Amino acid sequence: MDIGNNDITNILVYKPDKLLLLASSVGKGFLVNSNEVMAQTKTGKQIMNVPDGHVCIACLPVNGDSIACIGESRKLLVFNIDEIPEMKKGQGVTLQKFKNAKLLDIKIFNKEDGLGWNNNGKVKLEKNIVAFLGKRGSTGKLPPMGFPKNNRFSS
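Note that the working numbering has the sequence shown beginning at 1, numbered continuously upward.
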């Protein structure tokens with residue numbers, strides 16, 4: 001396998017007609033059908049347009065009803081996945097707004113199950129996420145006590 005000058009964001013087993021969430025460090029993202037990301041050429045296919053100095057940070061299968069975003073500013077935002085449009089390509093819509101910061105991590109989860117993250121090898125589960133709920137494109141609130149200092153859901 002010959003990989004060009006770009007880093008791999010994620011490798012997934014292809015499943016037809018499944019939704020994927022793409023997100024960039026600039027804080028934008030969108031949903032795309034897995035059929036749209038399949039390429040028949042060796043060079044692949046560009047789906048997400050990312051500004052210079054930023055990267056695609058996530059390509060996640062949609063397996064929940066809510067999204068949690070956190071950035072360098074250490075603000076956690078949770079919103080409904082229905083607020084994100086399905087597109088074939090482009091930059092996407094603003095997931096979380098930042099001032100001089102980047103989106104570091106994003107997670108899809110079921111609101112009913114709670115938001116979980118790894119902290120020193122232990123899984124912490126926060127069931128009460130009401131304080132972090134907001135509209136897509138807002139800034140968010142400080143994460144709960146015990147959230148990792150590296151601002152990542154998984155280590």
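Quick reminder that beta carbons are idealized off the backbone N, C-alpha and C, glycines included.
Just so it is clear, the structure is predicted and the values come from calculations on it, not from any experiment.
- The alpha helix (DSSP H) runs of length 4 or more contained entirely in the segment 2 to 59 are, from start to end of the chain, 34 to 37.
- Between Asn110 and Asp65, the CB-CB gap stays under 9 Å.
- Assignment of Val123 by DSSP, reduced to helix, strand and coil, places it in the strand class.
- For Leu60 against Ser138, the beta-carbon gap comes to about 21 Å, at or over 8 Å, which does not count as contact.
- Counting along the chain, Ser66 sits inside the beta strand (DSSP E) bounded by residues 66 to 71.
- In this structure the segment 96 to 103 touches the segment 138 to 152; the number of beta carbon pairs closer than 8 Å is three or more.
- Ala101 and His54 have their C-alpha atoms spaced approximately 11 Å apart.
- Between Met48 and Tyr14, the gap from beta carbon to beta carbon reaches 9 Å or more.
- DSSP, read as helix, strand or coil, puts Val130 in helix.
- Straight-line spacing of the CA atoms in Thr43 and Glu36 works out to 15 Å.
- The alpha-carbon separation between Lys75 and Gln40 amounts to approximately 40 Å.
- In the three-state scheme derived from DSSP, where H, G and I count as helix and E and B as strand, Asp113 is classed as coil.
- Judged by DSSP in its simplified three-state form, Ile84 adopts coil rather than helix or strand.
- Here Pro61 is bridged, per DSSP, to Leu20.
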